[in-house]
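J.:
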Amino acid sequence: MHLTAKLTQLGLSTSLCNWVLHFFTGRPQSVKIGGNTSSSITLSTGAPQGCVLSPLLFTLLTYGCTAKSSSNSIVKFAADTTVVGLISNNDEAAYREVD
Numbered sequence: 006m007h008l009t010a011k012l013t014q015l016g017l018s019t020s021l022c023n024w025v026l027h028f029f030t031g032r033p034q035s036v037k038i039g040g041n042t043s044s045s046i047t048l049s050t051g052a053p054q055g056c057v058l059s060p061l062l063f064t065l066l067t068y069g070c071t072a073k074s075s076s077n078s079i080v081k082f083a084a085d086t087t088v089v090g091l092i093s094n095n096d097e098a099a100y101r102e103v104d
């Protein structure tokens, strides 16, 4: 699901969803090493590293991500997701199931 669709599904206003979409579309980016700066390129994917909105938007995007087994839990922090669970009877395959 695209981010703007998820934000709409969560009840955010159309104007706020459009603002987020425009914020992430067509961003110029360059790299500076020492005194040298690369030429600029335009990006339209991903969230800017260091942007205070990025962890919040990731959390909203993955809001519906739930564990399939009651013995599993999902831990999210910033832009990382970890599934934690107990594997019993060496039945690892059951816990690798993904929808």
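In my numbering, the protein residues as written are 6 to 104. Ideal Cβ placement from N, Cα and C applies to all residues, glycine included. Nothing here was measured: the structure is a model prediction, and the numbers come from that model.
#1: Assign PHE29 to one of two classes, buried (16 or more other C-beta atoms within 10 Å of its C-beta) or exposed (fewer than that).
#2: Indicate the three-state DSSP secondary structure (helix, strand or coil) for LEU15 in the structure shown.
#3: Applying the criterion that 16 or more other CB atoms from any shown protein chain within 10 Å of the CB defines a buried residue, is ALA10 buried or exposed?
#4: Could you please give the first and the last residue of the uninterrupted alpha helix (DSSP H) stretch that includes LEU48?
#5: In the DSSP assignment, find the beta strand (DSSP E) that holds SER78 and state where it starts and stops.
#6: On the three-state DSSP scale, how would you describe PRO60?
#7: I need the straight-line Cα distance from GLY40 to VAL57, nearest angstrom please.
#8: So for VAL36, helix, strand or coil by DSSP?
#9: Kindly indicate which three-state DSSP category THR9 falls into: helix, strand or coil?
T.: Reading from the atomic positions:
#1: buried
#2: coil
#3: exposed
#4: Looking at the DSSP string, LEU48 is not in any alpha helix (DSSP H); the run it does join, the beta strand (DSSP E), is 46-48.
#5: 77-82
#6: helix
#7: 27 Å
#8: coil
#9: helix
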